[in-house]
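Written out below as structure tokens is the structure these notes cover.
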Amino acid sequence: MTFCRTLKCLLFSSTIALAPVAHAAGITVHDARDRDIAVTDFARTVSIGGAITEIIYALGLENRLVGIDTTSLYPAAALHDKPNVGYMRQISAEGVLGLNPTLILAIQGSGPRETMDILETAKVPLVLVPDTFSEDGLIEKIRLVGHAMGVDARAACLSAAVGADLAQLRILRARVTKPVRVMFVMSLQNGRALVAGHKTAADEIIRLAGAANAIDEFDGYKIIGDEAIAAARPDVALSIERGKDSLSADAIFAHPGFALTPVAANKSFITMDGLYLLGFGPRTAAAARDLSVKLYPSLAGPGAAFTSALSAANCRQ
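The structure is reproduced here in structure tokens:
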């Protein structure tokens, strides 16, 4: 009963928060649910999704953030300075509404569904940001976040800088003559590998780096056995850094499935920061370039300079 009464109060206060004079009159955002969302005030924004938070900081709007989720690891100041509402797939409605937001920006796939339903009932504009793993999807994500925050010009500036970085990456990628086969391994569960197929962030970042996904039989993430790993014949195993839960090179090389592949024979194992590698935020082109150089050391030689346009662009004002 206490929870219900508290939630009703939060729903009421969140509705009242829309009452002040509008800051964003006339802004309509078409979001991932194929809905038009009217945004009237973005002064108190909650960001759910590391890429969204990164975009908001890149646009110079961090002063509008009143809450973020645990995937918002960049810039480091975000987790240090802003209240945390939990993991993006395990969000608490009370935690979000307790911050009295006037706008909620959530990456597609946030949840659980019950929480998202409650947030919609709260009458606070909830914009679900598409998480499409492609160059066009990345640019659209930046434009949508900027539009929802009322800064289309800044978003155009950031989109142009990211577009320039992607163009540099295409030139670098064109130098790859024989793509290596990469298997992205999220984890080892009871000796079985959880790997990435098509239509995943891992699949797209592998492609952007000029490599081929060794998994070609399915979409999404799936646990596979030793025989499937050996049959895929990956040249390189790729994973993300997750603190004490990170995969180690020794665990991969000693695994019975990988022991039969070039991964173990050539000691080819790469780990990178998870948000940087898979977040599909403004730094994605740089992450793909870093992965490409790890996969193809010759690309780091003369004539392969990559200077991010983000460092020169001033999209914060």
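First residue of the sequence shown? That's 3 in the numbering used here, and the numbers climb one at a time after it. From the three backbone atoms N, C-alpha and C, an ideal C-beta is built for every residue, glycine too.
Residue i in three-state terms, based on DSSP
{"i": "Gln170", "result": "helix"}
{"i": "Asp292", "result": "helix"}
{"i": "Leu280", "result": "helix"}
{"i": "Ser161", "result": "helix"}
{"i": "Met274", "result": "strand"}
{"i": "Phe260", "result": "helix"}
{"i": "Leu297", "result": "helix"}
{"i": "Asp43", "result": "coil"}
{"i": "Arg37", "result": "coil"}
{"i": "Ser189", "result": "strand"}
{"i": "Arg156", "result": "helix"}
{"i": "Asn215", "result": "strand"}
{"i": "Leu146", "result": "helix"}
{"i": "Ile254", "result": "helix"}
{"i": "Val131", "result": "strand"}
{"i": "Val265", "result": "helix"}
{"i": "Ala108", "result": "strand"}
{"i": "Val98", "result": "helix"}
{"i": "Leu240", "result": "strand"}
{"i": "Ser136", "result": "coil"}
Exposure of residue i, with buried meaning 16 or more beta-carbon neighbours within 10 Å
{"i": "Ser270", "result": "buried"}
{"i": "Ala79", "result": "exposed"}
{"i": "Ala176", "result": "exposed"}
{"i": "Val23", "result": "The predicted position of Val23 is uncertain, since its pLDDT is 36 and thus under 50; a value taken from the coordinates is nonetheless stated next. Val23 is exposed by the Cβ-count criterion."}
{"i": "Lys84", "result": "buried"}
{"i": "Ser161", "result": "buried"}
{"i": "Ala204", "result": "buried"}
{"i": "Asp38", "result": "exposed"}
Close Cβ partners of residue i (< 7 Å) along its chain, the five nearest in sequence each way excluded
{"i": "Phe260", "result": "Ile231, Ala239, Ile254 and Ala266"}
{"i": "Leu277", "result": "Gly52, Thr73, Leu75 and Tyr76"}
{"i": "Asp154", "result": "Gly148"}
Contacts around residue i, its chain only, beta-carbon distance under 6 Å, and the 5 residues preceding and following it disregarded
{"i": "Val164", "result": "Pro284"}
{"i": "Leu63", "result": "Met151"}
{"i": "Leu168", "result": "Glu137 and Ala287"}
{"i": "Val208", "result": "Inspection of the sequence shows that residue 208 is occupied by Ile rather than by Val. Excluding sequence neighbours, Ile208 sits near Val184 and Asn215."}
Beta-carbon gap between residue i and residue j smaller than 8 Å
{"i": "Ala40", "j": "Thr30", "result": "yes"}
{"i": "Arg156", "j": "Leu61", "result": "yes"}
{"i": "Val187", "j": "Val197", "result": "yes"}
{"i": "Ala214", "j": "Arg235", "result": "no"}
{"i": "Ile120", "j": "Ala95", "result": "yes"}
{"i": "Arg35", "j": "Leu130", "result": "yes"}
{"i": "Leu190", "j": "Ile242", "result": "no"}
Residues that residue i bridges to, as DSSP identifies them
{"i": "Ile54", "result": "DSSP lists no partner for Ile54."}
{"i": "Asn86", "result": "Ile70"}
{"i": "Tyr59", "result": "None; Tyr59 has no bridge partner."}
{"i": "Asp221", "result": "His200"}
{"i": "Ile29", "result": "Val41"}
Contacts around residue i, its chain only, beta-carbon distance under 8 Å, and the 5 residues preceding and following it disregarded
{"i": "Leu171", "result": "Leu210, Ala287, Ala290, Arg291, Ser294 and Phe308"}
{"i": "Glu219", "result": "Gly199"}
{"i": "Pro103", "result": "Ser16, Ala19, Arg46, Thr47, Val48, Val68, Gly69 and Val126"}
{"i": "Leu81", "result": "Ile70, Thr72, Ser74 and Leu75"}
Beta carbon proximity, residue i to chain B, threshold 8 Å
{"i": "Asp119", "result": "Among the chains of the structure shown, chain B does not appear; only one protein chain is present."}
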